[in-house]
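Undergrad: Here it is, the structure, as structure tokens.
Residue numbers (this note's numbering), protein chains in the order written: chain S, 672 to 841; chain Z, 125 to 384.
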């Protein structure tokens, strides 16, 4: 039983490494934006920024009373603004993605008070975006040289040496 | 070339666990709102006209002033802003007609079967029909000679009263904000209608039946009665239960399919 579990774990780890190697090979030829995207929880942060904007929509409509003392409409500004800022911070500080994700989810749910949750769409996007930020992780994998590249390089070396040897003989 | 590289990826298990937890908290919050019938800082605005009708409203700290605001078909329309510090409303009905992307019209009804308590009510109305009774009513005019036209319109005059009693109220409003609203025994329903109605007749039931008479939808044949399942507790618990079941199915989907 224990062996089966260990075996399953090993297979899972191998599958993950293979998946990450595949991703790495795709990134080798990728542009700057894709490389930049790889190092941060891009979709989580994007959904969080979108959620923040949706949540802010209603308090902005109520701006006339938002700053009246005792008005709860200001709460909508606070929640929407914080979700937006945290979404932007997730782009800039990916190492804190887990903490940022938790706070984004919490604020998105609370935004139902004061901002109707951006017609609930902001709340849903905030929950999904926060979950993506929580689940994002960076993993170091060994860099495996590209097989096709290596064989091209070795062929090139052989050609040079053949030419060199033929030159020396003549 | 040897070395290591860093790859960013999303862990599926962690994602679904976090998503499920978030939906669970959302469902719990919805359930609490449904059971207690209390909502805080509830804004309803930026969605066009909606209609408010009630049998009686007893309010304290009333003030009324002109306002310029956005309506369903205009960016700037003359409105009347009512502010009431605290109010108890009897026989409250709020409804809004919405056009679906398919072209069909629906009406969302929120009816309070028990007295509704509201604190911090702010409402911009473009039509008011009601019987009004004030205590200590004051009508004031202010010098707005040096203000712009828009500011002068809003500040030129105002009306305030210590207490107000409004009966048989029918209001078309574009802007409604309540600091706190306690809607006990709320009935929420959606019905299909032919076209958006004007202000409903004094008999609420006949008004709804009239606008829904041509519809094929069975709901419109109820003759204005809201369906029995249209209760806040049922709706919120149903939505919460659905979210819980969905979250559980997502988390346990592999086990369910593999039979482990």
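Yeah, the Cβ is synthetic: ideal placement off N, Cα and C, and Gly gets one too.
Looking at the structure shown, is residue 692 (chain S) part of a helix, part of a strand, or coil, going by DSSP?
TA: For this step, residue 692 (chain S) is matched to residue 21 along the first chain. In the structure shown, residue 692 (chain S) sits in a helix (DSSP, three-state: H, G or I).
Undergrad: Do residue 203 (chain Z) and residue 249 (chain Z) come within 9 Å of each other at the CB atom, strictly closer than that value?
TA: Taking the second chain and counting its residues from 1, one reaches residue 249 (chain Z) at position 125. Taking the second chain and counting its residues from 1, one reaches residue 203 (chain Z) at position 79. Yes, they are a contact pair.
Undergrad: Which chain S residues sit within Cβ distance under 7 Å of residue 153 (chain Z)?
TA: Residue 153 (chain Z) sits at position 29 when you count from the first residue of the second chain. Neighbours of residue 153 (chain Z) on chain S, chain order: 780, 783.
Undergrad: From this set, Z:179, Z:232, Z:245, which residue's C-alpha is nearest residue 214 (chain Z)'s C-alpha?
TA: In the second chain, the residue the question calls residue 214 (chain Z) occupies position 90. It is Z:179 whose Cα lies nearest to the Cα of residue 214 (chain Z).
Undergrad: May I have the straight-line CA-CA distance separating residue 313 (chain Z) from residue 256 (chain Z), to the nearest angstrom?
TA: To locate residue 313 (chain Z), count along the second chain from 1; it is residue 189. To locate residue 256 (chain Z), count along the second chain from 1; it is residue 132. Computed Cα separation, rounded: 30 Å.
Undergrad: How would you call residue 705 (chain S), buried or exposed, if buried means at least 16 neighbouring beta carbons within 10 angstroms?
TA: Here residue 705 (chain S) is taken as the residue at index 34 of the first chain, counted from 1. Burial state of residue 705 (chain S) is exposed, judged by a 10 Å Cβ sphere holding fewer than 16 other Cβ atoms.
Undergrad: Which of the three DSSP states, helix, strand or coil, is assigned to residue 762 (chain S)?
TA: Here residue 762 (chain S) refers to the residue found at position 91 when the first chain is read from its first residue. Three-state result, residue 762 (chain S): helix.
Undergrad: What does residue 677 (chain S) reach in chain Z if we use C-beta pairs closer than 8 Å?
TA: Locating residue 677 (chain S) in the first chain gives position 6, counting from the first residue. Going along chain Z, no residue has its Cβ under 8 Å from residue 677 (chain S), so there is no contact; the nearest lies around 17 Å.
Undergrad: Determine, using beta-carbon pairs with one atom in the region 278-295 of chain Z and one in the region 258-268 of chain Z, whether at least three such pairs fall under 8 Å.
TA: The region 278-295 of chain Z is in contact with the region 258-268 of chain Z.
Undergrad: I'd like to know if residue 399 (chain Z) contacts chain S, where contact means its C-beta is closer than 9 Å to some C-beta of that chain.
TA: There is no way to answer for residue 399 (chain Z), as the model of chain Z reaches only from 125 to 384.
Undergrad: Check this for me: beta carbons of residue 315 (chain Z) and residue 218 (chain Z), under 9 Å apart or not?
TA: By 1-based counting over the second chain, the position of residue 315 (chain Z) is 191. By 1-based counting over the second chain, the position of residue 218 (chain Z) is 94. Judged by their CB atoms, residue 315 (chain Z) and residue 218 (chain Z) are not nearer to each other than the 9 Å cut-off.
Undergrad: What's the gap between the Cα of residue 755 (chain S) and the Cα of residue 778 (chain S)?
TA: As a position in the first chain, residue 755 (chain S) is number 84, starting the count at 1. As a position in the first chain, residue 778 (chain S) is number 107, starting the count at 1. Rounded to whole angstroms, residue 755 (chain S) to residue 778 (chain S) spans 10 Å at the Cα level.
Undergrad: Is the distance from the Cβ of residue 799 (chain S) to the Cβ of residue 718 (chain S) below 9 Å?
TA: For this step, residue 799 (chain S) is matched to residue 128 along the first chain. For this step, residue 718 (chain S) is matched to residue 47 along the first chain. Going by C-beta atoms, residue 799 (chain S) is nearer than 9 Å to residue 718 (chain S).
Undergrad: Straight-line CA distance for residue 128 (chain Z) to residue 773 (chain S)?
TA: Translated into the one-based positions of the second chain, residue 128 (chain Z) becomes position 4. Translated into the one-based positions of the first chain, residue 773 (chain S) becomes position 102. Taking the straight line joining both Cα atoms gives about 30 Å.
Undergrad: Between which residues of its own chain and residue 793 (chain S) is the CB-CB distance below 6 Å, once the five residues before and five after are set aside?
TA: Mapped onto the first chain, residue 793 (chain S) falls at position 122. Cβ neighbours of residue 793 (chain S) beyond the five flanking positions: 722, 725, 726.
Undergrad: Strictly below 7 Å CB to CB, what residues from chain Z border residue 807 (chain S)?
TA: Here residue 807 (chain S) refers to the residue found at position 136 of the first chain. Per Cβ cutoff of 7 Å: 132, 134.
Undergrad: Tell me, which residues are paired with residue 220 (chain Z) by DSSP?
TA: Counting from one through the second chain, the residue named residue 220 (chain Z) turns up at place 96. DSSP lists Z:232 as partners of residue 220 (chain Z).
Undergrad: For a contact defined as C-beta to C-beta under 9 Å, what are the partners of residue 213 (chain Z) on chain S?
TA: Residue 213 (chain Z) sits at position 89 when you count from the first residue of the second chain. Chain S residues near residue 213 (chain Z): none, gap ~19 Å exceeds 9 Å.
Undergrad: Less than 9 Å separating the beta-carbons of residue 713 (chain S) and residue 762 (chain S)?
TA: As a position in the first chain, residue 713 (chain S) is number 42, starting the count at 1. As a position in the first chain, residue 762 (chain S) is number 91, starting the count at 1. Result yes, Cβ atoms of residue 713 (chain S) and residue 762 (chain S) sit closer than 9 Å.
Undergrad: I want to verify the contact list: residues of chain S whose CB lies under 7 Å from the CB of residue 138 (chain Z), in sequence order.
TA: Indexing the second chain from 1 puts residue 138 (chain Z) at position 14. Within chain S, the residues near residue 138 (chain Z) are 805, 806.
Undergrad: In the DSSP assignment, find the unbroken beta strand (DSSP E) run with residue 269 (chain Z) in it and report its ends.
TA: Taking the second chain and counting its residues from 1, one reaches residue 269 (chain Z) at position 145. That residue, residue 269 (chain Z), is in no beta strand (DSSP E); it is neither H nor E in DSSP.
Undergrad: Are residue 156 (chain Z) and residue 809 (chain S) touching if we call contact CB-CB under 9 Å?
TA: Here residue 156 (chain Z) is taken as the residue at index 32 of the second chain, counted from 1. Here residue 809 (chain S) is taken as the residue at index 138 of the first chain, counted from 1. Residue 156 (chain Z) places its beta carbon 9 Å or farther from that of residue 809 (chain S).
Undergrad: Can you tell me whether residue 768 (chain S) is buried or exposed, with buried defined as 16 or more other CB within 10 angstroms of its CB?
TA: Reading the first chain from its first residue, position 97 is the one you call residue 768 (chain S). Result: buried.
Undergrad: Output, in chain order, the set of chain S residues within a Cβ distance shorter than 7 Å of residue 128 (chain Z).
TA: As a position in the second chain, residue 128 (chain Z) is number 4, starting the count at 1. 811, 812, 813, 814, listed in chain order.
Undergrad: Quick one: list the residues of chain Z neighbouring residue 691 (chain S), beta-carbon separation under 7 Å, in chain order.
TA: Taking the first chain and counting its residues from 1, the one referred to as residue 691 (chain S) is at position 20. Per Cβ cutoff of 7 Å: 131, 133.
Undergrad: By Cβ distance below 8 Å, which residues in the same chain neighbour residue 239 (chain Z) in space, the five residues on each side in sequence not counted?
TA: Start at 1 with the first residue of the second chain, and residue 239 (chain Z) comes out as number 115. 212, 213, 214, 308.
Undergrad: Going by Cα to Cα distance, which pick from S:802, S:745, S:766 is closest to residue 301 (chain Z)?
TA: The residue given as residue 301 (chain Z) occupies position 177 in the second chain. That would be S:745, whose Cα lies nearest to the Cα of residue 301 (chain Z).
Undergrad: Tell me which same chain residues have a C-beta within less than 6 Å of the C-beta of residue 186 (chain Z), skipping the five on either side of it?
TA: For the purposes of this step, residue 186 (chain Z) is taken as residue 62 along the second chain, with counting starting at 1. Correct list, in chain order: 208, 285, 288.
Undergrad: Would residue 805 (chain S) and residue 139 (chain Z) be called neighbours here (beta carbons separated by less than 9 Å)?
TA: Position 134 of the first chain holds residue 805 (chain S). Position 15 of the second chain holds residue 139 (chain Z). In this structure, residue 139 (chain Z) lies closer than 9 Å to residue 805 (chain S) by Cβ.
Undergrad: To the nearest angstrom, how far is the alpha carbon of residue 750 (chain S) from that of residue 782 (chain S)?
TA: For the purposes of this step, residue 750 (chain S) is taken as residue 79 along the first chain, with counting starting at 1. For the purposes of this step, residue 782 (chain S) is taken as residue 111 along the first chain, with counting starting at 1. Residue 750 (chain S) and residue 782 (chain S) have their alpha carbons spaced roughly 6 Å apart.
Undergrad: Using a Cβ-Cβ cut-off of 8 Å (strictly less than) and excluding sequence neighbours within five positions of residue 266 (chain Z), which residues of its own chain qualify?
TA: Taking the first residue of the second chain as position 1, residue 266 (chain Z) is located at position 142. The answer, listed in chain order, is 279, 280, 281, 282.
Undergrad: In the DSSP assignment, the beta strand (DSSP E) including residue 96 (chain Z) goes from what residue to what residue?
TA: The structure shown does not extend to residue 96 (chain Z), since chain Z is modelled only from 125 to 384, so the question has no answer here.
Undergrad: Could you check where the beta strand (DSSP E) with residue 258 (chain Z) kicks off and where it finishes?
TA: The sequence position of residue 258 (chain Z) within the second chain is 134, counting from 1. Where residue 258 (chain Z) is concerned, the enclosing beta strand (DSSP E) stretches over 240-259.
Undergrad: By the DSSP assignment, the beta strand (DSSP E) with residue 806 (chain S) in it spans what residues?
TA: Taking the first residue of the first chain as position 1, residue 806 (chain S) is located at position 135. First-last for residue 806 (chain S): 792-806, but that is the alpha helix (DSSP H), not the beta strand (DSSP E).
Undergrad: At least one CB of chain S closer than 9 Å to the CB of residue 276 (chain Z): is that the case?
TA: Your numbering for residue 276 (chain Z) matches position 152 in the second chain. Closer than 9 Å: no.
Undergrad: So, does the CB of residue 146 (chain Z) fall closer than 9 Å to a CB anywhere in chain S?
TA: The residue given as residue 146 (chain Z) occupies position 22 in the second chain. True, the Cβ-Cβ gap to chain S drops below 9 Å.
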